[in-house]
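Undergrad: One structure, as structure tokens, below. Some questions next.
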Amino acid sequence: MNPQAKLIFALSLTLGTTLTISSNHWIMAWTGLEINTLAILPLISKSHHPRAIEAATKYFLVQAAASALVLFSSMTNAWHTGQWDITQLSHPTSCLILTVALAMKLGLVPFHFWFPEVLQGSSLIVGLLLSTLMKFPPITLLYLTSPSLKPSILTTMAILSAALGGWMGLNQTQTRKILAFSSISHLGWMAIIIAYSPKLALLNFYLYTLMTAAVFLSLNSIKALKLSTLMTAWTKTPSLNAILLLTLLSLAGLPPLTGFLPKWLIIQELTKQEVALAATIIALLSLLGLFFYLRLAYCATITLPPHTTNHMKQWYNTKPTNTMVAVLTTMSLMLLPISPIILAVV
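Numbering-wise (full-length UniProt numbering), the sequence shown opens with residue 1 and increments by one.
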């Protein structure tokens, strides 16, 4: 792709995200979401592969429907209350429609069907953008409207997302699909806590972004799109594979790694809010996710491919690993000891 075109799309993504997260008016927030959608579409379809075109079409249709629902929700609220302010969402029907719209934008169950397919049709870098940057504006809108939304609906969607994200990821062989179901599962953790402690949901999103970026960039360095490629990657970058093992375990939420921090705080907050049953269910469902992270980690570092004598091995890579990967993986592993400082800042 032309560098000038890439620059324009990158600036448009930045503008759309900034516009949505900094606006108080519903129309401005909607405009930001539309700019974001239009800027990412050429990046998804740039390879001109039929699967990429299909992914871009699916993404466009779902996001257009979700944006229309956001607009409909805000207009219904303005019609009944005279308020266009995002934080003044009070009409019950508007709240329900907005919950559906943001669930579609984010890929929460039962509106998750598009996300794994779109991620599978995109490159790893575009997949990273779809899993992190493109989720930021809808999460911000969810944060701003959280006092108006029904906790029971959000909790139901969250538990279903954690269950389905873990369950569907079990038998996948494509790394992008595994990370898509991982994203759906993590969104469940954010959705369950946002009604009780919105700041904790944002902290979870930041740490999830950090760890997912580390995994996506590591896989992009190895050029691993399938588990079979990941099995032979140890000959190419042994040190990066070893770090990838720990980053995946951090994403699964194992102590003493960074990923344990948001899960620990969310379970603690849910118990304080006397929804210990939901906390227990979502904690047990996270074991499903742990299984497929362990499977990825096992393929990356512990197992050898079958028929090693006649299998095509990759050449050892002498190029230094990207600095960004090094910084992100370090942060993905070592932030738990400084959690009091993180909580003080948040």
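Every residue gets a Cβ at the ideal spot worked out from N, C-alpha and C, and that includes glycine.
So, helix, strand or coil for H49, using DSSP?
TA: In the structure shown, H49 sits in coil (DSSP, three-state: anything other than H, G, I, E or B).
Undergrad: For H49, which residues in the same chain have their Cβ closer than 8 Å to its Cβ, ignoring the five residues on either side in sequence?
TA: Excluding positions up to five away in sequence, the list reads G121.
Undergrad: Assuming I192 contacts T145 (C-beta within less than 8 Å), just tell me the rounded distance between them.
TA: In fact, because the Cβ distance is near 16 Å, the residues do not count as touching under 8 Å.
Undergrad: Using three-state DSSP, classify K6 as helix, strand or coil.
TA: In this structure, K6 counts as helix in the three-state DSSP scheme.
Undergrad: If you run the structure through DSSP and keep just helix, strand and coil, what is H25?
TA: H25 falls in the strand class under three-state DSSP.
Undergrad: DSSP three-state call for K236: helix, strand or coil?
TA: Coil.
Undergrad: Under 8 Å, with one C-beta from each stretch per pair, do the stretch 320-331 and the stretch 207-226 reach the 3-pair mark?
TA: Yes: at least three Cβ pairs fall under 8 Å.
Undergrad: Considering only their Cβ atoms, is the gap separating I342 from L335 smaller than 8 Å?
TA: Yes, Cβ-Cβ distance for L335 and I342 is below 8 Å.
Undergrad: Buried or exposed: I125, going by 16 or more other Cβ atoms within 10 Å of its Cβ?
TA: The residue is exposed, with fewer than 16 neighbouring Cβ atoms inside 10 Å.
Undergrad: Quick one: residues in its chain with C-beta nearer than 7 Å to the C-beta of T93, no 5 flanking neighbours on either side, listed in chain order?
TA: T76, listed in sequence order.
Undergrad: Please state the DSSP three-state secondary structure of K223.
TA: Here K223 sits in coil by DSSP.
Undergrad: State buried or exposed for residue 350, treating a residue as buried only when at least 16 other CB atoms are found within 10 Å of its CB.
TA: Because the chain here runs from 1 to 346, residue 350 falls outside it and cannot be looked at.
Undergrad: May I have the straight-line CA-CA distance separating I281 from A5, to the nearest angstrom?
TA: If you take the alpha carbons of I281 and A5, they lie about 46 Å apart.
Undergrad: Entirely within the stretch 25-94 and at least 4 residues each: give me those alpha helix (DSSP H) ranges in chain order.
TA: List check, alpha helix (DSSP H) in window: 26-44 and 50-81.
Undergrad: Classify Q172: buried if its beta carbon has 16 or more other beta carbons within 10 angstroms, exposed otherwise.
TA: Q172 is buried by the Cβ-count criterion.
Undergrad: Below 8 Å CB to CB, which residues in the same chain sit around residue 434 once its five sequence neighbours on both sides are set aside?
TA: With the chain running from 1 to 346 in the structure shown, residue 434 is simply not present.
Undergrad: Among all the DSSP beta bridges, which residues are the ones paired with Q174?
TA: K226.
Undergrad: Would you kindly work out how many angstroms separate the C-alpha atoms of L270 and L288, rounded to a whole number?
TA: Taking the straight line joining both Cα atoms gives about 20 Å.
Undergrad: Below 8 Å on the Cβ atoms is my guess for L240 versus S221; work out the distance and round it to an integer in Å.
TA: Yes, they are in contact, since the Cβ atoms of L240 and S221 sit about 6 Å apart, within 8 Å.
Undergrad: Let me check understanding here. Comparing Cα to Cα, which of A52, S22 and S67 lies closest to T87?
TA: Checked all of A52, S22 and S67; the closest Cα to T87 is S22.
Undergrad: Would K263 be called buried (16 or more neighbouring beta carbons within 10 Å of its own) or exposed?
TA: So K263 counts as buried.
Undergrad: Specify, as a first and last residue, the run of the alpha helix (DSSP H) that I139 falls within.
TA: That run of the alpha helix (DSSP H) goes F136 to T145.
Undergrad: At what residues does the alpha helix (DSSP H) containing T271 begin and finish?
TA: Note, T271: alpha helix (DSSP H), F260 to K272.
Undergrad: Thinking L41 and A64 are a contact (beta carbons under 8 Å), I'd like their distance in whole angstroms, please.
TA: The Cβ separation is near 11 Å, so there is no contact.
Undergrad: In or out: K105 buried (at least 16 other Cβ within 10 Å) or exposed?
TA: Looking at its Cβ environment, which holds 16 or more other Cβ atoms inside 10 Å, K105 is buried.
Undergrad: Under 8 Å by Cβ, that's how I've got L202 and Y143 pegged, so tell me the actual separation to the nearest angstrom.
TA: About 6 Å; that satisfies the 8 Å criterion.
Undergrad: Given that a residue counts as buried once 16 or more other Cβ atoms are within 10 Å of its Cβ, and exposed if not, what is T18?
TA: Answer is exposed; the Cβ neighbour count stays below 16.
Undergrad: Mind checking whether P198 and L33 have CB atoms under 8 Å apart?
TA: No, Cβ-Cβ distance for P198 and L33 is not below 8 Å.
Undergrad: Measuring only the C-alpha atoms, how far is L248 from L96?
TA: Each residue's alpha carbon lies about 35 Å from the other.
Undergrad: Taking 8 Å as the cut-off, decide whether the C-beta atoms of L141 and L102 are in contact.
TA: Yes, they are a contact pair.
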